[in-house]
Each structure stands twice: as structure tokens, then as C-alpha cells.
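Asks: Residue numbers (our numbering): 630 to 865. For every residue, glycine included, the Cβ atom is placed at its ideal position computed from N, Cα and C.
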Ligand SMILES: O=C(O)[C@H](O)[C@@H](O)[C@H](O)[C@H](O)COP(=O)(O)O
């Protein structure tokens, strides 16, 4: 089992306040201890306010590497691009000075782009200071989707990133081709912040935590990992 700390908040503002403060401290500590800090970022609605707040802080952003946890294989100006989301939230104001490592490259498929992406990620300091994860109503986290093509590789390889082709569902929408951090890379983080919003997803999280097949709910692989320190942030 991972080391698990659950933080339940009365509302999203309270969650954002504590998340922002802890992210700020992790970046400061990472720079102080190692010269640079690495922040792994997910998309989703839960972290948006904290990203926006963080961007307004006058930190030593030139020594911060921001890198994607996962990405749809779409152009960076696509409205479903996680890269575009990070640019419009975290990489504003002072945050604009951070070094941004993206996943999408010029390869025509995620599979073909994986090697180049792996090379870009291999330049990052490890362990990463913070990895922010979301969770879908299907129990996916990062782009580790249930029964996806590439899931087994993503859960077992010692590489940092891998290409995924998810089974199309209401959760994935029509874009199923993605790049993701592997379980190994997620475990290579000082701390993982798992952000969960609403009662429906809380029930999904509890179901994942209760145990079962990791292929049905890949979040279980993160929750089961002996080396991962997870802090769960939940708000209604
Ligand atoms: O790439 C994606 O498909 C999304 O980023 C997704 O994985 C998201 O992180 C979770 O669904 C959590 O979303 P919320 O933060 O909105 O709960």
C-alpha cells in the first residue's frame, strides 16, 4: 500500500488555499535542496484555481520545471489540449518564466512520439518534487485508462512515459490517443497530490481503495504502490 493521507475540505476554496500553499512550499524546498524544482501537472477542473494562484507568486520560476502528467495526442492549440490548459492557468504572470516540458511533439502518433518524449523527460531531476493527479469517474488517473492498449506497459515499465490508446467511452470522448507518465514515474515523486471533486468521484475513489483489479480501475495501481506517498484532496 501507498502511504495515504486524506484531506477533506468543506469547499473548493479551502482546498485551493491549502493546495496552493503546499505547492508553493514544495517548489521553494525543491529549489533550496536541489537547485531546481520539478512540478508534474495534470489537467482537469480541480487544480485550475491553485495553478492560477501559483502563477501570481514571485517565486524563483526560472529554476522550476513544469511538466505534463498526461496529454491527448492533439495539437497544442486544440481546445482539449492539457498543454493549452496549463499555459492559460499556471504559465501566466510570474509562472510564465518556468521551463515547460510538454508531451505532444511532431510525431504523427503517440506511439511514434514516445521515444522523443522519453528523452525530453529524462532531463528532469528525480525524484520530482510534486506530482498532481486527477481521477476520472472510470477510475483512470493520469492517462492510465481501464483496459487501455498500453496500460500493462504503463504499469510495469521502468520508463518514464508511455503511449496509451484508451477504449472510447463517455469519459475519454473521441480522442483516445494519449501520452502519460508511467506508474514508475509517478512513484518517482516526493509526494503525489490526488485531487478529487464531488460525491460521485468520492465514491469511485472509495471503490478503488477497497481493492480489486487494477485493469478495471488503474488508480488502484497508484494506491497499492508501496513507495508512493499520496495526499488525497477532496472537496464537494
Ligand atoms: O486529461 C484528462 O482527461 C483530464 O485531465 C482528466 O484526467 C482529469 O484530470 C480528471 O478527469 C479529473 O478531472 P477533475 O479535476 O475535473 O475532477
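Could you tell me whether the Cβ atoms of residue 758 and residue 831 are closer together than 9 Å?
Replies: If you number the chain shown from 1, residue 758 lands on position 129. If you number the chain shown from 1, residue 831 lands on position 202. Not closer than 9 Å, so no.
Asks: At least one CB of chain C closer than 9 Å to the CB of residue 644: is that the case?
Replies: Going by chain labels, chain C is absent from the structure shown, which holds only one protein chain.
Asks: Roughly how many angstroms separate the alpha carbons of residue 695 and residue 652, rounded to a whole number?
Replies: Residue mapping note: residue 695 aligns to position 66 of the chain shown, counting from 1. Residue mapping note: residue 652 aligns to position 23 of the chain shown, counting from 1. Distance between the alpha carbons of residue 695 and residue 652: 12 Å.
Asks: Any idea if residue 685 is buried or exposed, counting beta-carbon neighbours within 10 angstroms, 16 or more meaning buried?
Replies: On the chain shown, residue 685 is found 56 positions in, with the first residue counted as 1. Looking at its Cβ environment, which holds fewer than 16 other Cβ atoms inside 10 Å, residue 685 is exposed.
Asks: Anyone know if the C-beta pair for residue 796 and residue 777 falls short of 9 Å?
Replies: Against the chain shown, residue 796 aligns to sequence position 167. Against the chain shown, residue 777 aligns to sequence position 148. Going by C-beta atoms, residue 796 is nearer than 9 Å to residue 777.
Asks: Any heavy atom of ligand 1 closer than 8 Å to the CB of residue 764?
Replies: Within the chain shown, residue 764 is the residue found at index 135, counting from 1. Yes.
Asks: So, using beta-carbon positions, are residue 768 and residue 847 closer together than 9 Å?
Replies: Walking along the chain shown from the start, residue 768 turns up at place 139. Walking along the chain shown from the start, residue 847 turns up at place 218. Cβ distance < 9 Å, so residue 768 and residue 847 count as in contact.
Asks: Starting from the Cα of residue 809, find the closest Cα among 663, 671, 632, 709 and give me that residue.
Replies: Start at 1 with the first residue of the chain shown, and residue 809 comes out as number 180. Among 663, 671, 632, 709, the Cα nearest to that of residue 809 belongs to 671.
Asks: Might you give, ordered along the chain, the residues of its own chain that have their beta carbon closer than 6 Å to the beta carbon of residue 750, omitting 5 neighbours on each side?
Replies: In the chain shown, residue 750 corresponds to position 121, counting from 1. Same-chain partners within the cutoff: 789, 790.
Asks: Kindly indicate which three-state DSSP category residue 727 falls into: helix, strand or coil?
Replies: Here residue 727 refers to the residue found at position 98 of the chain shown. Looking at residue 727 - three-state DSSP - the assignment turns out to be coil, as it is neither helix nor strand.
Asks: Under 8 Å: does the beta carbon of residue 699 sit that close to some heavy atom of ligand 1?
Replies: In the chain shown, the residue the question calls residue 699 occupies position 70. Answer for residue 699: yes, Cβ within range of ligand 1.
Asks: Smallest Cα separation from residue 851: which of 818, 673, 638, 711?
Replies: Against the chain shown, residue 851 aligns to sequence position 222. Comparing Cα-Cα distances from residue 851 to each of 818, 673, 638, 711, the minimum goes to 818.
Asks: Enumerate in chain order the residues of its own chain whose CB-to-CB distance from residue 727 is below 6 Å, with the five nearest sequence positions on each side excluded.
Replies: Taking the first residue of the chain shown as 1, we reach residue 727 at position 98. Counting only Cβ-Cβ distances below 6 Å, and skipping sequence neighbours, we find 690, 693, 695.
Asks: What's the gap between the Cα of residue 677 and the Cα of residue 642?
Replies: Position 48 of the chain shown, counting from 1, holds the residue named residue 677. Position 13 of the chain shown, counting from 1, holds the residue named residue 642. Approximately 11 Å between the Cα atoms of the pair.
Asks: In this structure, does DSSP put residue 701 in helix, strand or coil?
Replies: Here residue 701 refers to the residue found at position 72 when the chain shown is read from its first residue. Note: residue 701 maps to strand in three-state DSSP.
Asks: If you compare alpha carbons, which of 800, 861, 834, 857 is closest to residue 822?
Replies: In the chain shown, residue 822 corresponds to position 193, counting from 1. Residue 861 is the option with its Cα nearest to residue 822.
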